[in-house]
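Participant:
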Amino acid sequence: MIYLDNAASTPVDPRVKDMMLPYLDGCFGNPASIHQQGQLARAAIEQARFNLGKAFNCEPTEFIFTSGATEANNLAIKGCAAAYLKKQGKPGRIITAAIEHESVLFSCRSLAEQGWEIIELPVNKEGIVNPTDLTTAITANTALISIMAANNEIGSIQPIIKLGSIAREHAIPFHVDAVQGLLGQAFDLTVMPIDLLSLSAHKIYGPKGVGALYIRRGVMIETIMHGSSQELGRRSGTENLAGIVGLGEALRLLHIEREQFIPQLQTWRDYLLSKIPQVIPHASILGPKAENRLPQTASFLIPEIEQHLFLARLDLAGVCASAGSACASGATTNSHVISALGLNAKAKQTPLRLSLGRFNTAAEIRTIPKLLKEAVNSLAQKVAAKV
Numbered sequence: 221m222i223y224l225d226n227a228a229s230t231p232v233d234p235r236v237k238d239m240m241l242p243y244l245d246g247c248f249g250n251p252a253s254i255h256q257q258g259q260l261a262r263a264a265i266e267q268a269r270f271n272l273g274k275a276f277n278c279e280p281t282e283f284i285f286t287s288g289a290t291e292a293n294n295l296a297i298k299g300c301a302a303a304y305l306k307k308q309g310k311p312g313r314i315i316t317a318a319i320e321h322e323s324v325l326f327s328c329r330s331l332a333e334q335g336w337e338i339i340e341l342p343v344n345k346e347g348i349v350n351p352t353d354l355t356t357a358i359t360a361n362t363a364l365i366s367i368m369a370a371n372n373e374i375g376s377i378q379p380i381i382k383l384g385s386i387a388r389e390h391a392i393p394f395h396v397d398a399v400q401g402l403l404g405q406a407f408d409l410t411v412m413p414i415d416l417l418s419l420s421a422h423k424i425y426g427p428k429g430v431g432a433l434y435i436r437r438g439v440m441i442e443t444i445m446h447g448s449s450q451e452l453g454r455r456s457g458t459e460n461l462a463g464i465v466g467l468g469e470a471l472r473l474l475h476i477e478r479e480q481f482i483p484q485l486q487t488w489r490d491y492l493l494s495k496i497p498q499v500i501p502h503a504s505i506l507g508p509k510a511e512n513r514l515p516q517t518a519s520f521l522i523p524e525i526e527q528h529l530f531l532a533r534l535d536l537a538g539v540c541a542s543a544g545s546a547c548a549s550g551a552t553t554n555s556h557v558i559s560a561l562g563l564n565a566k567a568k569q570t571p572l573r574l575s576l577g578r579f580n581t582a583a584e585i586r587t588i589p590k591l592l593k594e595a596v597n598s599l600a601q602k603v604a605a606k607v
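Numbered according to my numbering, the sequence shown terminates at residue 607, and the numbering increases by one at each position without gaps.
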């Protein structure tokens, strides 16, 4: 098997798994309990929080743990909206981008049903927001700006520093979904103009079902999950102990090893971006140039190929790939990202996302163009036979 769907989920690093195992059996206490088992669990959670603080150069207590980035995005958007409503007494405006993850877009659209004005900024053909468009969209009643660090389907990296600086000039909280962007760059939250940041463990070689939200000290946000007072009173529910330990270790390893494996991912990405259009006629590259593209993502449009048949054919050949976001894998139409790029009106085309990981090998990557060509040719011959 050649696994090239790391943007959907990465394998768990064996070192992360080893760190988690003791908290699945030997240390199983509730972190809220005062006995020894509980306090050992609490210490493990705070060590993980310390790892996050060190990786992002911020105070550990500015992070709260969640069930994943979807919950973190919901909390950031709806929590800030609730705080604004509590203070101002009426809904305001929230600005996001047209290619955000569904958890951001649907959170915003749910608020639109409650009277909020939602602005979805357009992107250019490379999937990048124009900072001027953000400046134009800001009004006196803008409560929040939410722009992802990098897109999960086409790998476009947003100008987060410019966008965040604009938000800060207008004293508007700035939220960043950094789920895909963490591999591509380090985030120094002491100096970067980011007020809220979402992340997920299973995109960085950690376990599924755990994430975190950074909330800069002083940012007003209301809880949206009520119960007891876990996570500094901002997110109720017994903590996912082993998952949190895994997230903390995954981030610790990423922080110290990122620069070791990123150049290799970039080399493999550039090889695929160069080679695949050569072996598959009319295949076109989706997304931006290399300098504005995630190191692990190579995306294409392949004409006149049935999407599900193509991915199934690749699977039979031992290649795990996707047509875009795994969160929308059951969709029968082009994703909202493809539509935002202005490509939905063209003839039938299948998006293909190849997302690389640190556990891939050069030998695997070299075989991909040949396997893709064989899959395309096989399906084309079947279509011709039917005609």
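All residues carry an ideal CB built from backbone N, CA and C; glycine is no exception.
Apply the 10 Å Cβ neighbour rule to residue 226 and answer buried if 16 or more other Cβ atoms are within range, or exposed otherwise.
Facilitator: Buried: at least 16 other Cβ atoms inside 10 Å.
Participant: Spell out a yes or no on whether the segment 570 to 582 and the segment 499 to 519 are touching, meaning 3 or more CB-CB pairs, one atom from each, closer than 8 Å.
Facilitator: At 8 Å Cβ cutoff, the stretches touch.
Participant: Could you give the C-beta distance for residue 417 and residue 434, rounded to a whole number, given that I count them as a contact under 8 Å?
Facilitator: Their Cβ separation, rounded to whole angstroms, is 4 Å, which keeps residue 417 and residue 434 in contact under 8 Å.
Participant: Find out if the Cβ-Cβ distance for the pair residue 250, residue 458 is shorter than 8 Å.
Facilitator: Contact flag set, yes.
Participant: Does the distance from the C-beta atom of residue 537 to that of residue 600 stay below 8 Å?
Facilitator: Not closer than 8 Å, so no.
Participant: Could you work out which residue in 454, 232 and 585 is closest to residue 484 when comparing CA atoms only?
Facilitator: The candidate whose alpha carbon is nearest that of residue 484 is 585.
Participant: Could you please give the first and the last residue of the uninterrupted beta strand (DSSP E) stretch that includes residue 362?
Facilitator: Taken as a continuous stretch (DSSP letters only), the beta strand (DSSP E) holding residue 362 covers 362 to 366.
Participant: Specify the secondary structure class of residue 304 as computed by DSSP and reduced to three states.
Facilitator: Correct three-state label for residue 304: helix.
Participant: Go ahead and label residue 368 buried or exposed: buried means 16 or more other beta carbons lie within 10 angstroms of its beta carbon, across all protein chains shown.
Facilitator: Buried is the call here.
Participant: Would you say the segment 382 to 398 touches the segment 345 to 361, given that touching needs at least three Cβ pairs under 8 Å?
Facilitator: At 8 Å Cβ cutoff, the stretches touch.
Participant: How far does the beta strand (DSSP E) with residue 575 in it reach, from first residue to last?
Facilitator: Note, residue 575: beta strand (DSSP E), 569 to 575.
Participant: Mind checking which residues open and close the beta strand (DSSP E) that includes residue 499?
Facilitator: Not the beta strand (DSSP E): residue 499 falls in the alpha helix (DSSP H), residues 461 to 499.
Participant: Please report how far the alpha carbon of residue 558 lies from the alpha carbon of residue 371, in whole angstroms.
Facilitator: Each residue's Cα considered, the two are about 11 Å apart.
Participant: Between which two residues does the alpha helix (DSSP H) carrying residue 329 extend?
Facilitator: Residues 322 to 332.
Participant: Beta-carbon within less than 8 Å of residue 472's beta-carbon, same chain only, minus the 5 sequence neighbours each way: which residues are those?
Facilitator: 271, 274 and 275.
Participant: According to DSSP, is residue 385 helix, strand or coil?
Facilitator: Three-state result, residue 385: helix.
Participant: Since I believe residue 363 is in contact with residue 313 (beta carbons under 8 Å), could you give me their beta-carbon distance rounded to a whole number of angstroms?
Facilitator: 7 Å between Cβ atoms; contact.
Participant: Skipping 5 residues on each side, what residues in its chain have a beta carbon closer than 7 Å to that of residue 502?
Facilitator: Cβ neighbours of residue 502 beyond the five flanking positions: 523.
Participant: Please list, in chain order, all residues of the same chain as residue 498 whose beta carbon is under 8 Å from its beta carbon, the five residues on each side excluded.
Facilitator: Taken in chain order, the residues that qualify are 589.
Participant: Does the segment 420 to 428 come into contact with the segment 255 to 270, if we say contact requires no fewer than three beta-carbon pairs (one atom in each stretch) closer than 8 Å?
Facilitator: Short answer: they don't touch.
Participant: Give me, in chain order, the residues of the same chain whose beta-carbon lies closer than 8 Å to that of residue 410; leave out the 5 immediate sequence neighbours on both sides.
Facilitator: For residue 410, where only same-chain residues beyond five positions count, the Cβ hits under 8 Å are 277 and 278.
Participant: The alpha helix (DSSP H) that contains residue 238, what's its start and end?
Facilitator: That run of the alpha helix (DSSP H) goes 234 to 240.
Participant: Specify the secondary structure class of residue 552 as computed by DSSP and reduced to three states.
Facilitator: Unreliable positioning characterises residue 552 in this predicted model, as indicated by a pLDDT of 48, which lies under 50. A coordinate reading is not provided.
Participant: CB-CB under 6 Å to residue 580, same chain, minus the five flanking residues each way: which ones, in chain order?
Facilitator: Nothing meets the Cβ criterion.
Participant: What would DSSP say about residue 337, mapped onto helix, strand or coil?
Facilitator: Strand at residue 337.
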